[in-house]
Amino acid sequence: VENVALHSLLSQNRRLAALGKFKSQHVRILVATDVASRGLDIPSVDLVINAELPRDAVSYVHRVGRTARAGRRGRAVSLVAETDVSLVHATEKLTGRPLEKCNDITDDMAIKLLGPVTKASRLAKMKLMDIGFDELVKKMKERKVRDRKERERIAGALEKFEQSTEPRMKLS
């Protein structure tokens, strides 16, 4: 199953290329992280499959909202585990609507739906491994830690400077 990946470590040009392939329907499956949940103009998404749910209800609504643009209808299928129940309740509270439970989907149907998604996800992960994604993530995390420590060091130095230059009153 041919697919394109969209994630935060792609350069802007590669993100645009991936989106272009998906929008033109040259590629019909987009495997994306939450980078695709907001601010992207993706006009005709028929189905969002959440193999993993986001951490909060607002992100969930934005993610599945990709299917309902300009009055269109779409479907979102979410694989919900016991640990996701609180997110389901939070989403229902946020939207004021209950999420539909798919009682009519048999195990065979779920496996049939999940098969192409799992395959596309696996292929996307292999592509990520090919470009050294894990190493990029590691470097990004290390850079964030370094940057945070540098900001803390600068803030501490500024605080000391401000304390040393405060006007002092002389008591006579």
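Here UniProt numbering is used: the first residue of the sequence shown is 1, the next is one more, and so on. Where a beta carbon is used, it is the ideal one built from N, C-alpha and C, also for glycine. All figures in this text were calculated on a predicted structure; none of them were measured in a lab.
request  = At 3 residues or longer, and completely inside the segment 114-158: list those beta strand (DSSP E) runs for me, N to C.
outcome  = none
query = According to the neighbour-count rule (16 or more other Cβ atoms, all chains shown, within 10 Å of its Cβ), is L53 buried or exposed?
reply = buried
key: Where V145 falls, given that 16 or more other Cβ within 10 Å makes a residue buried   = exposed
ask   = If you draw a straight line from the alpha carbon of G74 to that of V48, how long is it in whole angstroms?
value = 8 Å
message = Quick check on this structure: which residue in N50, I105, D41 and K119 has the alpha carbon closest to the alpha carbon of D84?
response = N50
key: Between the CA atoms of D147 and R97 - distance to the nearest angstrom   = 42 Å
task = Work out the CA separation of L128 and D134 for me, nearest whole Å.
result = 8 Å
ask   = According to DSSP, is A5 helix, strand or coil?
value = In the structure shown, the three-state DSSP call for A5 is strand.
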